[in-house]
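Data block below; observations after.
Number of protein chains: 2
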Amino acid sequence: MLTQLSESTEMYLKAMVELGEGNVVAVGRLAGRLGVTNVSANEMVHRLTDQGLVSHTPYKGVSLTKTGQAAACNVLRRQRLWECFLYEHLKIEWARLYELACALEHATAPEVTEALSIFLGDPKFCPRGNPIPAADGSFEPLIGVSLREVPVGATVHVLAINATETDALRYLQDRGILPGCEMSVMEAAPMDGPLTLRIVGQD
Amino acid sequence: MLTQLSESTEMYLKAMVELGEGNVVAVGRLAGRLGVTNVSANEMVHRLTDQGLVSHTPYKGVSLTKTGQAAACNVLRRQRLWECFLYEHLKIEWARLYELACALEHATAPEVTEALSIFLGDPKFCPRGNPIPAADGSFEPLIGVSLREVPVGATVHVLAINATETDALRYLQDRGILPGCEMSVMEAAPMDGPLTLRIVGQD
DNA sequence: TGGAATAATAAGGCCAGCCATATGATTAAT
DNA sequence: ATTAATCATATGGCTGGCCTTATTATTCCA
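In the order they appear, the protein sequences are chains W and R.
Counting from 1, position 189 in the first sequence corresponds to residue 189 in the working numbering; the numbering is continuous, with no gaps.
Counting from 1, position 62 in the second sequence corresponds to residue 1062 in the working numbering; the numbering is continuous, with no gaps.
What follows is the structure, encoded as structure tokens:
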């Protein structure tokens, strides 16, 4: 059924979940995320549509079909299980987990995925704090708040990191901004400008 | 330097080591092993030559250059380390190790390879009995004898399995023909016909 | 030495996934 | 209502890796 999707296909599907705001994603955002041109993303969206993985309403956006959703969760599961393995057992640097696990995920057969999950003790979250979809495809997204929506002065716990680029992750890592960390918002510059944070336990 | 080789390139290089009889391999045998036509293998050999990975003497065969040798050993190292991991930690069926590890090997960054080796305790042999090249590329092939060369009546220990196809491996697995097993050659049919073996400990 | 088997090359084609450039269509905001 | 920005589409092109179907070289063996 999941006839074996190409690496590229898996990346598109995963990207859709990762930036899936309410399920409909603009093709342009997909393109940006995947580092391809809008034209290329558009072509690919057509192919994905033909395969029944997404549905595309021109000028509106793309959304995952049932099948696409299942496939995407499966990719996410592999990705995040590998992140756990690389972090806990191979002691790989936190900031590189996403990148390195991403390469492995496309090469992982179902029996390896499930054996890996068992080996790891069926973890429910990856080292970036994101939930790991279950083997049956069930997947409950985090209930949390984007940092941008936190009022100035409030103190929060970091639930998960959404960034995926190694550089961005390293930036956070260097400042100790990891899941579980506690911080308060000191200042928010206008026009989506920089946030000034105080990390609890640092000065 | 090892600029990142394509999956296909890595497969060709690995195949050359695996069936490297005295280092010069006929293009036809490469094609057979990789399941492509002779024409395709020939084209690919050209590309590999252009990349300085192999050297090809028409009508004679192909051999690995220094660079190609190093790259091939590196692939082999990844392959066999993953075999160890899949077998010892994920409890994957012996006959499927090659196939599943093969997929992972191409997606494995250097730091993952080395961290994996440490995690596994720097194993020297894979579950098929073949040596794992060292991180520096050093690699001493096994000293053993092909079963076809064993005289009738002799008793031998199985040092390593060379087969890579899952079906062939499963055939051996089902008969308990694994590294370490002891057997004697009862009969050898002419013209490279079947061998009749007695496995020590079985009747 | 001549023929069979094997190897190499040439020519044309396919597919996925990307690219650029250019032209329409739609949306949203003034 | 007009316009800028975004999105879609058409066209043509590229690369890697594979394919088939010839045709031509070479090797090896009888």
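Glycine included, every Cβ here is placed at the ideal spot set by N, Cα and C.
Worksheet entry | Anticipated Cβ contact below 8 angstroms, residue 1060(R) with residue 1024(R), distance rounded | Within the second sequence, numbered from 1, the residue matching residue 1060(R) stands at position 60. Within the second sequence, numbered from 1, the residue matching residue 1024(R) stands at position 24. So it is a contact: roughly 7 angstroms between Cβ atoms.
Worksheet entry | Paired residues, beta bridge with residue 1155(R) - DSSP | Mapped onto the second sequence, residue 1155(R) falls at position 155. Beta bridge pairing from DSSP links residue 1155(R) with 1184(R).
Worksheet item: Which residue from 88(W), 133(W) and 175(W) puts its Cα closest to that of residue 78(W)?
Response: Here residue 78(W) corresponds to residue number 78 of the first sequence, with the count starting at 1. Checked all of 88(W), 133(W) and 175(W); the closest Cα to residue 78(W) is 133(W).
Worksheet item: At least one CB of chain R closer than 9 angstroms to the CB of residue 75(W): is that the case?
Response: Start at 1 with the first residue of the first sequence, and residue 75(W) comes out as number 75. So no, residue 75(W) is outside the interface.
Discussion item. For residue 1111(R), would you say it is in contact with chain W, using Cβ-to-Cβ distances shorter than 9 angstroms as the test?
Written reply: Numbered from its first residue, the second sequence carries residue 1111(R) at position 111. Closer than 9 angstroms to some Cβ of chain W, the Cβ of residue 1111(R) qualifies, so yes.
Worksheet item: beta strand (DSSP E) containing residue 54(W): first to last residue?
Response: To locate residue 54(W), count along the first sequence from 1; it is residue 54. Start and end: 54-57.
Worksheet item: How should residue 194(W) be labelled, buried or exposed, when 16 other C-beta atoms within 10 angstroms of its C-beta is the threshold for buried?
Response: In the first sequence, residue 194(W) corresponds to position 194, counting from 1. Residue 194(W) is exposed by the Cβ-count criterion.
Discussion item. Is it buried or exposed, residue 105(W), if we count other Cβ atoms within 10 angstroms and call 16 or more buried?
Written reply: By one-based count along the first sequence, residue 105(W) stands at place 105. By the 10 Å Cβ count, residue 105(W) comes out buried.
Discussion item. Please state whether the Cβ-Cβ distance between residue 1098(R) and residue 1088(R) is less than 9 angstroms.
Written reply: Taking the second sequence and counting its residues from 1, one reaches residue 1098(R) at position 98. Taking the second sequence and counting its residues from 1, one reaches residue 1088(R) at position 88. Contact annotation: residue 1098(R) and residue 1088(R) have beta-carbon atoms that are not nearer than 9 angstroms.
Worksheet item: Alpha carbon to alpha carbon, how far is residue 100(W) from residue 129(W)?
Response: Start at 1 with the first residue of the first sequence, and residue 100(W) comes out as number 100. Start at 1 with the first residue of the first sequence, and residue 129(W) comes out as number 129. Cα to Cα, the separation comes out at about 17 angstroms.
Worksheet item: With DSSP run on the structure shown, which of helix, strand or coil describes residue 1048(R)?
Response: Against the second sequence, residue 1048(R) aligns to sequence position 48. Reduced to three states, the DSSP call for residue 1048(R) is helix.
Worksheet entry | Contact with chain R by residue 91(W), beta-carbon distance below 9 angstroms | Counting from 1 along the first sequence, the entry for residue 91(W) is found at position 91. Yes, contact with chain R.
Worksheet entry | Amino acids of chain R, ordered along the chain, whose beta-carbon sits closer than 8 angstroms to that of residue 106(W) | Translated into the one-based positions of the first sequence, residue 106(W) becomes position 106. When 8 angstroms is used as the limit between beta carbons, residue 106(W) is near these residues of chain R: 1107, in chain order.
Worksheet item: Nearest to residue 125(W) by alpha carbon, out of 110(W), 186(W) and 141(W)?
Response: Here residue 125(W) corresponds to residue number 125 of the first sequence, with the count starting at 1. If we check each option's Cα against that of residue 125(W), 141(W) comes out closest.
Discussion item. To test your reading of the DSSP string, which unbroken alpha helix (DSSP H) runs of 4 or more residues are found completely within the region 102-149 of chain W?
Written reply: As far as the region 102-149 of chain W is concerned, its whole alpha helix (DSSP H) runs of at least 4 residues are 110-120.
Worksheet item: Where does residue 117(W) land, buried or exposed, given buried means 16+ other C-beta within 10 angstroms?
Response: Residue 117(W) sits at position 117 when you count from the first residue of the first sequence. Taking every protein chain shown into account, the CB of residue 117(W) has 16 or more other CB atoms within 10 angstroms, so this residue is buried.
Item to complete: Given a cut-off of 9 angstroms, decide if residue 56(W) and residue 49(W) are closer than it, judged by their beta-carbon atoms.
Response: Within the first sequence, residue 49(W) is the residue found at index 49, counting from 1. Within the first sequence, residue 56(W) is the residue found at index 56, counting from 1. Closer than 9 angstroms, so yes.
Item to complete: Count the other C-beta atoms from every protein chain shown that fall within 10 angstroms of the C-beta of residue 143(W), then say buried if there are 16 or more, exposed otherwise.
Response: Here the question's residue 143(W) lines up with position 143 in the first sequence. Residue 143(W) should be labelled exposed.
Worksheet item: What did DSSP end up calling residue 196(W) once you bin it into helix, strand or coil?
Response: Here residue 196(W) is taken as the residue at index 196 of the first sequence, counted from 1. Residue state, collapsed to three classes: strand.
Fill in: Simplified DSSP state of residue 1076(R), which is helix, strand or coil
Numbered from 1 along the second sequence, position 76 holds the residue referred to as residue 1076(R). Three-state result, residue 1076(R): helix.
Worksheet entry | Cα-Cα separation between residue 175(W) and residue 11(W), rounded to whole angstroms | Taking the first residue of the first sequence as 1, we reach residue 175(W) at position 175. Taking the first residue of the first sequence as 1, we reach residue 11(W) at position 11. The alpha-carbon atoms of residue 175(W) and residue 11(W) are separated by roughly 29 angstroms.
Item to complete: Report all residues from its chain with a CB closer than 6 angstroms to the CB of residue 1041(R); omit the five preceding and five following residues, and keep chain order.
Response: Stepping through the second sequence from its first residue, residue 1041(R) is reached at position 41. Result list for residue 1041(R): 1027, 1030 and 1031, in chain order.
Fill in: C-alpha gap between residue 177(W) and residue 1090(R), whole angstroms
To locate residue 177(W), count along the first sequence from 1; it is residue 177. To locate residue 1090(R), count along the second sequence from 1; it is residue 90. If I take the Cα positions, the gap works out to 33 angstroms.
Item to complete: Show which residues of chain R have a CB atom less than 8 angstroms away from the CB atom of residue 103(W).
Response: The residue you call residue 103(W) lines up with position 103 of the first sequence. Residues of chain R passing the Cβ test: 1107, 1108 and 1109.
Worksheet item: Mind checking whether residue 1182(R) and residue 1156(R) have CB atoms under 9 angstroms apart?
Response: Residue numbering aside, residue 1182(R) sits at position 182 when the second sequence is read from its first letter. Residue numbering aside, residue 1156(R) sits at position 156 when the second sequence is read from its first letter. Going by C-beta atoms, residue 1182(R) is nearer than 9 angstroms to residue 1156(R).
Worksheet item: What number of angstroms, rounded off, separates the C-alpha of residue 1005(R) from the C-alpha of residue 1036(R)?
Response: One-based indexing of the second sequence puts residue 1005(R) at position 5. One-based indexing of the second sequence puts residue 1036(R) at position 36. Here the alpha carbon of residue 1005(R) sits roughly 19 angstroms from the alpha carbon of residue 1036(R).
Practice prompt. Please list the residues of the region 112-138 of chain W that have a C-beta atom closer than 7 angstroms to any C-beta atom in chain R, keeping them in chain order.
Written response: Residues passing the 7 angstroms Cβ filter: 112, 115, 116 and 119.
Worksheet item: Which residues of chain W have a Cβ atom closer than 9 angstroms to the Cβ of residue 1086(R), listed in chain order?
Response: Walking along the second sequence from the start, residue 1086(R) turns up at place 86. Result: 112 and 115.
Fill in: For residue 1127(R) and residue 1094(R), believed in contact at Cβ under 8 angstroms, the rounded distance
For the purposes of this step, residue 1094(R) is taken as the residue at position 94 of the second sequence. For the purposes of this step, residue 1127(R) is taken as the residue at position 127 of the second sequence. Their Cβ separation, rounded to whole angstroms, is 6 angstroms, which keeps residue 1094(R) and residue 1127(R) in contact under 8 angstroms.
Worksheet item: Taking the C-alpha atoms as reference points, what is the distance between residue 1016(R) and residue 1033(R)?
Response: By 1-based counting over the second sequence, the position of residue 1016(R) is 16. By 1-based counting over the second sequence, the position of residue 1033(R) is 33. Their Cα atoms are separated by approximately 9 angstroms.
Item to complete: Would you check if the distance between the CB atom of residue 1064(R) and the CB atom of residue 1054(R) is smaller than 9 angstroms?
Response: Numbered from its first residue, the second sequence carries residue 1064(R) at position 64. Numbered from its first residue, the second sequence carries residue 1054(R) at position 54. Taking 9 angstroms as the Cβ cut-off, residue 1064(R) and residue 1054(R) qualify as a contacting pair.
Worksheet item: Distance, Cα to Cα, residue 80(W) vs residue 14(W)?
Response: Numbered from its first residue, the first sequence carries residue 80(W) at position 80. Numbered from its first residue, the first sequence carries residue 14(W) at position 14. Cα to Cα, the separation comes out at about 12 angstroms.
Discussion item. With a threshold of 9 angstroms between beta carbons, is residue 100(W) in contact with chain R?
Written reply: Residue numbering aside, residue 100(W) sits at position 100 when the first sequence is read from its first letter. Yes, residue 100(W) lies at the interface with chain R (some Cβ there is under 9 angstroms from its Cβ).
Discussion item. Please report the distance separating the alpha-carbon of residue 163(W) from that of residue 1170(R).
Written reply: Taking the first residue of the first sequence as position 1, residue 163(W) is located at position 163. Taking the first residue of the second sequence as position 1, residue 1170(R) is located at position 170. Computed Cα separation, rounded: 43 angstroms.
Discussion item. For residue 1196(R), which residues in the same chain have their Cβ closer than 7 angstroms to its Cβ, ignoring the five residues on either side in sequence?
Written reply: Taking the first residue of the second sequence as position 1, residue 1196(R) is located at position 196. Answer for residue 1196(R): 1186 and 1187, listed in chain order.
Worksheet entry | For residue 1100(R), the three-state DSSP class (helix, strand or coil) | Counting from 1 along the second sequence, the entry for residue 1100(R) is found at position 100. In the structure shown, residue 1100(R) sits in a helix (DSSP, three-state: H, G or I).
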